[in-house]
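The sequence shown begins at 13 in our numbering and counts up one residue at a time. Structure record follows, encoded as structure tokens.
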Amino acid sequence: MPGATLHLTHVELLAREAELPRAVREALERELTYARLGAVFHDLPFYTNIITMMLGYWLEMPAEFVPFALKLHRYHPDLFAWHFLREAHRDSPLLTREQRLSIASGFFAHIALDLEIHPLVNWCARRDVLLHGGHESHHHRLTEKYQSLFFHRGLQGKDIIGSHRFFSEKSVIVEPPPFFRKNLGIPVVRWATDLLGGFFHEGAPSMRQFASWLRSFRHFGFMVSLPPAGRNSERLGTAENRRRYYENAEFSFRDFWERGYRRSVALLTLASEVFAAGDFSDASREAFLAAARISDLAYPPEVGLPALEAHEPALEATG
Ligand SMILES: [Zn+2]
13 MPGATLHLTH VELLAREAEL PRAVREALER ELTYARLGAV FHDLPFYTNI ITMMLGYWLE
73 MPAEFVPFAL KLHRYHPDLF AWHFLREAHR DSPLLTREQR LSIASGFFAH IALDLEIHPL
133 VNWCARRDVL LHGGHESHHH RLTEKYQSLF FHRGLQGKDI IGSHRFFSEK SVIVEPPPFF
193 RKNLGIPVVR WATDLLGGFF HEGAPSMRQF ASWLRSFRHF GFMVSLPPAG RNSERLGTAE
253 NRRRYYENAE FSFRDFWERG YRRSVALLTL ASEVFAAGDF SDASREAFLA AARISDLAYP
313 PEVGLPALEA HEPALEATG
């Protein structure tokens, strides 16, 4: 399951960040629901159907192959980010300027966090294939789950999973949150599908498709906020798992998080300067892209992690 919990907490923390330009902070604070939507935007296509998602997870099947989610992460993510920013700047009868700044800020926060944390997640997942076998995509999901668990424990004493607040507030990414029916009437459904169509053309989702992701995300919020999910998280949050996924001699998740957070502050500041100036010329685009350094969000370059071959002898030693 994509690490939505971390992305949502990330943007909540940014909404209180004094170093961000005031307009950005106020937009995040006052329009937090839009910021949350932006913060999970690239991952929305993963929310196909909650039942198959859960089953796949429990049966340790490879994660579902979702081409459009991969496209959002890998197909010119830098040019797509520029497109997103330009569309967010454009006046629209559907969303206010502050709502558009908020969703764009959440969107850039997702990029920054993916770029800094995915190298570690990918590394852990490959390590665990070598050590324990199984599908890399399954280990990827587990890694994200445990990192989120221990991060939230450190932040607030317990995991966010299994809390009512997750359903009532934190996983609300549009108003009103749809549960039983797809709601095509939510203004941001049209706004977002127009934006996606302008970049991905025939490959872009329809309004119906986009609305169905929003509904599945609501189902995800519901399942994850139930008490059994909380008890499960308590049970699995062992010292051994902490060492395996969160903090050990080879890495500390907090270092990667810290880099993601700093990168978000820098990237949101950069994006807000373009947003305020409204300069979408080629020269402005080149300057923005050079400073933003946005690469493949799913497989960003890995730095500062040991070579994995070193783990293979350990496999024999631990049996
Ligand atoms: Zn992502």
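Beta carbons are placed, not taken as given, at the ideal position from N, Cα and C, and that holds for glycine. Please read these numbers as outputs of a predicted model, since none were measured by experiment.
Open item on the list: Using a Cβ distance threshold of 8 Å, determine whether the stretch 80-94 contacts the stretch 135-148, with at least three qualifying pairs required.
Closed with: Remark: fewer than three beta-carbon pairs, one from each stretch, lie closer than 8 Å, so the stretch 80-94 and the stretch 135-148 are not flagged as touching.
Open item on the list: If the criterion is Cβ atoms closer than 8 Å, does the pair Leu127 and Trp203 meet it?
Closed with: Here residue 127 refers to the residue found at position 115 of the sequence shown. Here residue 203 refers to the residue found at position 191 of the sequence shown. Taking 8 Å as the Cβ cut-off, Leu127 and Trp203 do not qualify as a contacting pair.
TODO: Please confirm whether any heavy atom of ligand 1 lies closer than 7 Å to the CB of Asp4.
DONE: Residue 4 is absent from the structure shown; the chain starts at 13 and stops at 331.
TODO: Express the C-alpha separation of His54 and Arg86 in angstroms, rounding to a whole number.
DONE: In the sequence shown, counting from the first residue as 1, residue 86 sits at position 74. In the sequence shown, counting from the first residue as 1, residue 54 sits at position 42. Roughly 10 Å between the two C-alpha positions.
Open item on the list: Given 7 Å as the limit, tell me if His152 has its C-beta closer than that to any heavy atom belonging to ligand 1.
Closed with: Residue 152 sits at position 140 when you count from the first residue of the sequence shown. Flag unset: Cβ of His152 not near ligand 1.
Task: Limits of the unbroken alpha helix (DSSP H) element including Thr108 - done: Numbered from 1 along the sequence shown, position 96 holds the residue referred to as residue 108. Neither: Thr108 is in no alpha helix (DSSP H) and is coded neither H nor E.
Task: His152 versus Leu125, Leu132, Leu97, residue with shortest Cα-Cα distance - done: The count along the sequence shown starts at 1 and reaches residue 152 at position 140. Selection Leu125, Leu132, Leu97 evaluated against His152 yields Leu132 as nearest (Cα-Cα).
Task: Segment limits, alpha helix (DSSP H) that includes Phe163 - done: Here residue 163 refers to the residue found at position 151 of the sequence shown. 148-168 is the span of the alpha helix (DSSP H), which, as asked, contains Phe163.
TODO: With DSSP collapsed to three states, give me the class of Leu259.
DONE: Your numbering for residue 259 matches position 247 in the sequence shown. First, the amino acid is wrong: residue 259 is Glu here, not Leu. Residue state, collapsed to three classes: strand.
Task: Euclidean distance between Cα positions of Tyr257 and Leu26 - done: For this step, residue 257 is matched to residue 245 along the sequence shown. For this step, residue 26 is matched to residue 14 along the sequence shown. Separation of Tyr257 and Leu26 (C-alpha to C-alpha, rounded to the nearest whole angstrom) is 24 Å.
Open item on the list: Any heavy atom of ligand 1 closer than 7 Å to the beta-carbon of Leu309?
Closed with: Sequence index remark: in the sequence shown, residue 309 carries index 297 (1-based). Closer than 7 Å to some heavy atom of ligand 1: that describes the Cβ of Leu309.
Task: Leu97 and Val286 closer than 8 Å at C-beta - done: Position 85 of the sequence shown, counted from the start, is the residue given in the question as residue 97. Position 274 of the sequence shown, counted from the start, is the residue given in the question as residue 286. With contacts defined by Cβ atoms closer than 8 Å, Leu97 and Val286 form a contacting pair.
Open item on the list: Given the structure, does His88 come close to ligand 1, in the sense that its CB is under 7 Å from one of the ligand's heavy atoms?
Closed with: Here residue 88 is taken as the residue at index 76 of the sequence shown, counted from 1. Checking the Cβ of His88 against ligand 1 gives no.
- [ ] Determine the direct distance from the alpha carbon of Phe265 to that of Gln159, and round the result to whole angstroms.
- [x] Your numbering for residue 159 matches position 147 in the sequence shown. Your numbering for residue 265 matches position 253 in the sequence shown. Using only the alpha carbons, I get a separation of about 7 Å.
Open item on the list: On the DSSP letters alone, give me the boundaries of the alpha helix (DSSP H) that Gly209 sits inside.
Closed with: In the sequence shown, counting from the first residue as 1, residue 209 sits at position 197. Element bounds for Gly209: 199-212.
TODO: Indicate, with yes or no, if ligand 1 has a heavy atom lying under 7 Å from the CB of His122.
DONE: Counting from 1 along the sequence shown, the entry for residue 122 is found at position 110. Because some heavy atom of ligand 1 lies under 7 Å away, the Cβ of His122 counts as near it: yes.
Task: Beta-carbon gap between Phe232 and Ile62 smaller than 8 Å - done: In the sequence shown, residue 232 corresponds to position 220, counting from 1. In the sequence shown, residue 62 corresponds to position 50, counting from 1. Against a cut-off of 8 Å, the Cβ pair of Ile62 and Phe232 comes out as a contact.
Open item on the list: Taking 7 Å as the cut-off, is the C-beta of Asp206 nearer than that to any heavy atom in ligand 1?
Closed with: Taking the first residue of the sequence shown as 1, we reach residue 206 at position 194. False, no ligand heavy atom lies under 7 Å from that Cβ.
Task: Classification of Phe163 by the beta-carbon crowding that lies within 10 angstroms, buried from 16 upward - done: Counting from 1 along the sequence shown, the entry for residue 163 is found at position 151. Phe163 sits buried, since 16 or more C-beta atoms from the chains shown fall within 10 Å of its C-beta.
Task: Buried/exposed call for Ser218, threshold 16 Cβ in 10 Å - done: Here residue 218 is taken as the residue at index 206 of the sequence shown, counted from 1. Under the 10 Å beta carbon count, Ser218 is surrounded by fewer than 16 other beta carbons and is classified as exposed.
Open item on the list: By alpha-carbon positions, which one of Ile115, Pro89, Val36 ends up nearest to Ala47?
Closed with: Numbered from its first residue, the sequence shown carries residue 47 at position 35. Restricting attention to Ile115, Pro89, Val36, the CA atom closest to the CA of Ala47 is found in Ile115.
Task: Cα-Cα separation between Ile185 and Arg271, rounded to whole angstroms - done: Here the question's residue 185 lines up with position 173 in the sequence shown. Here the question's residue 271 lines up with position 259 in the sequence shown. About 25 Å.
Task: Any non-hydrogen atom of ligand 1 closer than 7 Å to His85 Cβ - done: Here the question's residue 85 lines up with position 73 in the sequence shown. His85 Cβ: within cutoff of ligand 1.
Task: Alpha carbon of Glu298 to alpha carbon of Leu91, nearest angstrom - done: Stepping through the sequence shown from its first residue, residue 298 is reached at position 286. Stepping through the sequence shown from its first residue, residue 91 is reached at position 79. Roughly 10 Å separates the two Cα atoms.
Open item on the list: Taking the beta carbon of Arg177 as the centre, do at least 16 other beta carbons fall within 10 Å, making it buried, or is it exposed?
Closed with: In the sequence shown, residue 177 corresponds to position 165, counting from 1. Exposed, by the Cβ-count rule.
Task: Same chain only: Cβ atoms within 6 Å of Phe120, ignoring 5 sequence neighbours per side - done: Numbered from 1 along the sequence shown, position 108 holds the residue referred to as residue 120. The residues are Leu279, Leu280, Ala283.
Task: Proximal residues to Gly249 (C-beta, below 6 Å), its chain only, five neighbours per side dropped - done: Position 237 of the sequence shown, counting from 1, holds the residue named residue 249. Counting only Cβ-Cβ distances below 6 Å, and skipping sequence neighbours, we find Leu161.
Open item on the list: Per the DSSP calculation, Ser175 is bridged to which residue(s)?
Closed with: Translated into positions along the sequence shown, residue 175 becomes position 163. Note: Ser175 sits in no beta bridge, so no partner.
TODO: Tell me where the alpha helix (DSSP H) around Leu26 begins and ends.
DONE: As a working mapping, residue 26 is identified with position 14 in the sequence shown. That run of the alpha helix (DSSP H) goes 16-26.
- [ ] Kindly indicate which three-state DSSP category Ser284 falls into: helix, strand or coil?
- [x] Position 272 of the sequence shown, counted from the start, is the residue given in the question as residue 284. In the structure shown, Ser284 sits in a helix (DSSP, three-state: H, G or I).
Open item on the list: Could you check if Asp140 belongs to the surroundings of ligand 1, using beta carbon to heavy atom distance under 7 Å?
Closed with: By 1-based counting over the sequence shown, the position of residue 140 is 128. No; taking the cut-off as 7 Å, the Cβ of Asp140 has no heavy atom of ligand 1 nearer than that.
Open item on the list: Give me, in chain order, the residues of the same chain whose beta-carbon lies closer than 6 Å to that of His130; leave out the 5 immediate sequence neighbours on both sides.
Closed with: The sequence position of residue 130 within the sequence shown is 118, counting from 1. Excluding residues within five positions, the ones whose Cβ falls inside 6 Å are Pro312.
Task: Spatially closest choice to Glu38 from Arg230, Gly118, Phe263, Met65, by CA coordinates - done: Locating residue 38 in the sequence shown gives position 26, counting from the first residue. Of Arg230, Gly118, Phe263, Met65, the residue nearest in Cα terms is Gly118.
Open item on the list: Is any non-hydrogen atom of ligand 1 found closer than 7 Å to the C-beta of Asp171, if you look at the structure I gave you?
Closed with: Stepping through the sequence shown from its first residue, residue 171 is reached at position 159. Not one heavy atom of ligand 1 falls within 7 Å of the beta-carbon of Asp171.
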